[in-house]
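> Sharing a structure here in structure tokens format.
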Amino acid sequence: MVNALFYLVKTGCQWRLLPVGFAPWPVVYYYFKRWREDGRWEEILDLVREKTRKQAGKMIQPTAACLNCQSVKTSLKGGERGIDGNKKVKGRKRHLLTDTNGLIMGIKVHPANEHESKSAMALLQTVKYKYDQLKTIFADKAYRSQLLEQVKQEFGWQINIITKQPDKKGFQLLPKRWVIERTFAWFEPYRRLAKDFELLPASAEAWIQISAIRLMSNRI
């Protein structure tokens, strides 16, 4: 069942085109939907991330994290969407919270017209009880707003804004920020994630979780 979903997210094929070597597509879809709704994918992701961190010699609970989002186009299928005026993208944003190794700690998919500060609070609300050792979150200047104080007051976490050095020109490899950019790059070979093809943001989040599970499983 899981291998069928790994195949779907990697190749981007339609449900009905799932090869005969796997279970019938309605059965695979049933478990995808069921595990999405009962939070099973999130549970598996957490377990695999903890095992990956332990294998890398890290503590299971991270003390620092990275926050960023990626705007992606949506298909003609419909569902919630918006326009990111800065990047000229009509679709959704994939908001990620990762540890300093780039392993996903939290996901929130939302219309692209929502500002980062608003959607970041929604994302952090979903993980506030999971990471009791977390102290610092690294982010870019898009999060430089009242969000910093809100996060400090509500969660006790410090957001550190990483910016470019104004006296330097050209490309700059910014500390910590490159980590989450690399995480987005890890998903480029996954054709299901080339666009947001899902009607529901929850399904889009589940496919990112499945992709991350596959990536980390290959490390263990």
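With the numbering used here as the guide, the letters of the sequence shown map in order to residues 544 to 763.
We treat Cβ as the ideally placed atom computed from N, Cα and C, and that holds for glycine.
#1: Can you say whether aspartate 642 is buried or exposed, counting buried as having 16 or more other CB atoms within 10 angstroms of its CB?
#2: For leucine 619 and methionine 544, what's the separation of their Cα atoms in angstroms?
#3: How many angstroms separate the CA atom of isoleucine 603 from the CA atom of leucine 758?
#4: Looking only at its own chain, which residues have a Cβ that is under 8 Å from the Cβ of valine 632, when we skip the five neighbours before and after it?
#5: With distances taken from CA atoms, which of Ser660, Ile705 and Glu586 is nearest glycine 649?
#6: Is there contact here, the region 695 to 709 with the region 732 to 743, by at least three beta-carbon pairs under 8 Å?
#7: On the DSSP bridge list, what partners appear for glycine 649?
#8: If you drop the 5 nearest sequence neighbours on each side, which residues of the same chain put their C-beta closer than 6 Å to that of arginine 577?
#9: Taking the C-alpha atoms as reference points, what is the distance between lysine 597 and isoleucine 751?
#10: Which value, in whole angstroms, describes the spacing of the CA atoms of threonine 706 and serine 660?
#11: Determine the direct distance from the alpha carbon of glutamate 692 to that of leucine 677, and round the result to whole angstroms.
#12: Measuring alpha carbon to alpha carbon, tell me which residue in Val694, Arg720, Thr595 and His653 is nearest lysine 684.
#13: What does a CB cutoff of less than 8 Å around arginine 583 pick up in its chain, not counting 5 residues either side in sequence?
#14: Anyone know if the C-beta pair for alanine 728 and aspartate 739 falls short of 8 Å?
#15: Pull the bridge partners of phenylalanine 727 from the DSSP assignment, please.
#16: Taking the alpha helix (DSSP H) that serine 660 belongs to, which residues open and close that run?
#17: Taking the beta carbon of proline 744 as the centre, do at least 16 other beta carbons fall within 10 Å, making it buried, or is it exposed?
#18: With 16 other CB atoms within 10 Å as the buried threshold, where does valine 563 fall?
#19: Mind reading off the beta-carbon distance from leucine 588 to threonine 726? Whole number of angstroms is fine, and I expect it under 8 Å.
Put simply:
#1: Along the sequence shown, read from residue 1 onward, the residue named residue 642 stands at position 99. Buried is the call here.
#2: Counted from its first residue, the sequence shown places residue 619 at position 76. Counted from its first residue, the sequence shown places residue 544 at position 1. The alpha-carbon of leucine 619 is positioned some 28 Å away from that of methionine 544.
#3: Translated into positions along the sequence shown, residue 603 becomes position 60. Translated into positions along the sequence shown, residue 758 becomes position 215. If you take the alpha carbons of isoleucine 603 and leucine 758, they lie about 18 Å apart.
#4: Within the sequence shown, residue 632 is the residue found at index 89, counting from 1. Around valine 632: Ser614, Val615, Lys616, Ile626 and Ala655.
#5: Your numbering for residue 649 matches position 106 in the sequence shown. When only C-alpha atoms are compared, the closest one is Glu586.
#6: Flag = no, the region 695 to 709 and the region 732 to 743 do not touch.
#7: The count along the sequence shown starts at 1 and reaches residue 649 at position 106. Leu640.
#8: The count along the sequence shown starts at 1 and reaches residue 577 at position 34. Cβ within range, chain order: n/a, list empty.
#9: Within the sequence shown, the letter at position 54 stands for residue 597. Within the sequence shown, the letter at position 208 stands for residue 751. Looking at the backbone, the Cα of lysine 597 and that of isoleucine 751 are separated by about 22 Å.
#10: For the purposes of this step, residue 706 is identified with residue 163 of the sequence shown, where counting begins at 1. For the purposes of this step, residue 660 is identified with residue 117 of the sequence shown, where counting begins at 1. If you take the alpha carbons of threonine 706 and serine 660, they lie about 17 Å apart.
#11: By 1-based counting over the sequence shown, the position of residue 677 is 134. By 1-based counting over the sequence shown, the position of residue 692 is 149. Approximately 16 Å, taken between the alpha carbons.
#12: Walking along the sequence shown from the start, residue 684 turns up at place 141. Nearest C-alpha to lysine 684: Arg720.
#13: Taking the first residue of the sequence shown as position 1, residue 583 is located at position 40. Cβ within range, chain order: Arg577.
#14: Position 185 of the sequence shown, counted from the first residue, corresponds to residue 728. Position 196 of the sequence shown, counted from the first residue, corresponds to residue 739. Not closer than 8 Å, so no.
#15: If you number the sequence shown from 1, residue 727 lands on position 184. In DSSP, phenylalanine 727 forms no bridge with anything.
#16: One-based indexing of the sequence shown puts residue 660 at position 117. Taken as a continuous stretch (DSSP letters only), the alpha helix (DSSP H) holding serine 660 covers 659 to 670.
#17: Counting from 1 along the sequence shown, the entry for residue 744 is found at position 201. Burial call: buried.
#18: Residue mapping note: residue 563 aligns to position 20 of the sequence shown, counting from 1. It counts as exposed.
#19: Residue mapping note: residue 588 aligns to position 45 of the sequence shown, counting from 1. Residue mapping note: residue 726 aligns to position 183 of the sequence shown, counting from 1. 13 Å between Cβ atoms; not a contact.
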